[in-house]
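Chemist: Quick note on this note's numbering: the sequence shown kicks off at 147 and runs consecutively.
Beta carbons: idealized from backbone N, C-alpha and C, even for Gly.
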Amino acid sequence: MAKQTAPDSNSQGGEAMRQYSPAQELINNTAYIVMILLGSVILIAGYGGSAGGWISAIAYLAYGIAGSVWIMVFVCPYCRYFKTRSCPCGYGHISPLFRAKGTVECFNEKFKKHIPVIIPLWFIPIVAGVVPLIRNFTLPLLVLLIIFAINAFVILPLVSTKHGCKECPQKDTCPWMKYTIKQAG
147 MAKQTAPDSN SQGGEAMRQY SPAQELINNT AYIVMILLGS VILIAGYGGS
197 AGGWISAIAY LAYGIAGSVW IMVFVCPYCR YFKTRSCPCG YGHISPLFRA
247 KGTVECFNEK FKKHIPVIIP LWFIPIVAGV VPLIRNFTLP LLVLLIIFAI
297 NAFVILPLVS TKHGCKECPQ KDTCPWMKYT IKQAG
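Structure below.
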């Protein structure tokens with residue numbers, strides 16, 4: 147898809163910010179979606195397809211969706227991308243359905259406060275998969291765990307920092323970018 151730009155209320159110095167189509171937003175969310183789906187499959191596989199595994203997988207899937215909504219409600223209203231199509235993941239134009247705009251100066255504070263709510267999504271499948279793997283090794287579960295780890299800890303952060311975050315007007319003060327730059331440096 148072609149890069150689209152159009153003036154909006156969030157233009158920086160008169161220069162229009164990139165606008166994302168729904169298809170681009172879906173592509174930009176793919177690593178997160180894959181993480182949640184793989185995590186759910188790990189929960190099912192780790193517990194042998196039992197009812198408990200399915201219930202855990204459904205709960206994890208719901209947590210993944212709720213985590214996105216949480217960010218839209220408690221972080222996005224403070225972002226410069228709020229109520230625009232300039233948000234790479236699309237949250238910026240969904241968030242106004244939940245909340246009114248907050249002050250942009252509070253973004254870092256809100257980000258630091260609310261991002262920890264979703265961090266367990268990266269670790270629940272690993273813990274839930276490693277325990278059964280230790281008890282009864284299976285190659286398919288090991289492969290799922292490796293793919294999950296590569297997606298969650300390599301691909302998703304790489305896509306975020308090298309694509310979405312790269313074009314963000316708040317990248318110089320963003321806690322996530324400060325953390326990932328220190329880790330890479």
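1) Under 8 Å by Cβ, that's how I've got Leu243 and Ile272 pegged, so tell me the actual separation to the nearest angstrom.
2) Is it the case that the stretch 298 to 314 contacts the stretch 234 to 243, given that we only count it when at least three CB pairs across the two stretches are under 8 Å?
3) On the DSSP letters alone, give me the boundaries of the alpha helix (DSSP H) that Arg281 sits inside.
4) What is the residue span of the alpha helix (DSSP H) that Pro168 lies within?
5) Might you give, ordered along the chain, the residues of its own chain that have their beta carbon closer than 6 Å to the beta carbon of Gly331, omitting 5 neighbours on each side?
6) Is the separation between the beta-carbon of Ser202 and that of Leu184 shorter than 8 Å?
7) If you draw a straight line from the C-alpha of Pro168 to the C-alpha of Ile240, how long is it?
8) What's the gap between the Cα of Ser214 and the Cα of Tyr193?
9) If you follow the alpha helix (DSSP H) that Val289 is in, where does it begin and where does it stop?
10) Using the C-alpha atoms, what's the distance from Trp216 back to Gly275?
11) Just to confirm the assignment: which complete alpha helix (DSSP H) runs, minimum length 4, are found wholly within the stretch 235 to 264?
12) Asn297: buried (16+ other C-beta within 10 angstroms of its C-beta) or exposed?
13) Indicate whether Val250 and Tyr209 have their beta-carbon atoms separated by less than 8 Å.
14) Could you name the residues of the same chain whose beta carbon sits closer than 6 Å to that of Trp268, not counting the 5 residues immediately before and after it, in chain order?
15) Report yes if the C-beta distance between Val221 and Lys256 is below 8 Å; otherwise report no.
16) By alpha-carbon positions, which one of Leu288, Lys258, Leu302, Arg164 ends up nearest to Tyr227?
17) State buried or exposed for Ala205, treating a residue as buried only when at least 16 other CB atoms are found within 10 Å of its CB.
Modeler: To lay it out plainly:
1) Mapped onto the sequence shown, residue 243 falls at position 97. Mapped onto the sequence shown, residue 272 falls at position 126. 33 Å between Cβ atoms; not a contact.
2) Below 8 Å, enough C-beta pairs join the stretch 234 to 243 and the stretch 298 to 314 to call them touching: three or more.
3) Within the sequence shown, residue 281 is the residue found at index 135, counting from 1. Its alpha helix (DSSP H) spans residues 266 to 281.
4) Along the sequence shown, read from residue 1 onward, the residue named residue 168 stands at position 22. Going by DSSP, Pro168 is part of the alpha helix (DSSP H) stretching over 168 to 192.
5) Taking the sequence shown and counting its residues from 1, one reaches residue 331 at position 185. Below a pLDDT of 50, predicted positions are generally treated as unreliable, and Gly331, at 46, falls in that range; the measurement from the model is reported next regardless. There are no such residues.
6) Here residue 202 refers to the residue found at position 56 of the sequence shown. Here residue 184 refers to the residue found at position 38 of the sequence shown. Not in contact: Ser202 and Leu184 (Cβ atoms no closer than 8 Å).
7) To locate residue 168, count along the sequence shown from 1; it is residue 22. To locate residue 240, count along the sequence shown from 1; it is residue 94. Whole-angstrom Cα-Cα distance: 11 Å.
8) Taking the sequence shown and counting its residues from 1, the one referred to as residue 214 is at position 68. Taking the sequence shown and counting its residues from 1, the one referred to as residue 193 is at position 47. For Ser214 and Tyr193, the distance between alpha carbons rounds to 26 Å.
9) As a working note, residue 289 is residue 143 in the sequence shown. First-last of the alpha helix (DSSP H) with Val289: 285 to 296.
10) Stepping through the sequence shown from its first residue, residue 275 is reached at position 129. Stepping through the sequence shown from its first residue, residue 216 is reached at position 70. Using only the alpha carbons, I get a separation of about 26 Å.
11) List check, alpha helix (DSSP H) in window: 237 to 240, 253 to 260.
12) Indexing the sequence shown from 1 puts residue 297 at position 151. By the neighbour-count criterion, in which a residue is buried when 16 or more other Cβ atoms sit within 10 angstroms of its Cβ, Asn297 is buried.
13) Reading the sequence shown from its first residue, position 104 is the one you call residue 250. Reading the sequence shown from its first residue, position 63 is the one you call residue 209. Taking 8 Å as the cut-off, the Cβ atoms of Val250 and Tyr209 do not count as close.
14) Locating residue 268 in the sequence shown gives position 122, where the first residue counts as 1. Excluding residues up to 5 positions away in sequence, Ala298 lie with their Cβ nearer than 6 Å to the Cβ of Trp268 in the same chain.
15) Taking the sequence shown and counting its residues from 1, one reaches residue 221 at position 75. Taking the sequence shown and counting its residues from 1, one reaches residue 256 at position 110. Cβ atoms of Val221 and Lys256: closer than 8 Å.
16) By 1-based counting over the sequence shown, the position of residue 227 is 81. Nearest C-alpha to Tyr227: Arg164.
17) Within the sequence shown, the letter at position 59 stands for residue 205. Answer is exposed; the Cβ neighbour count stays below 16.
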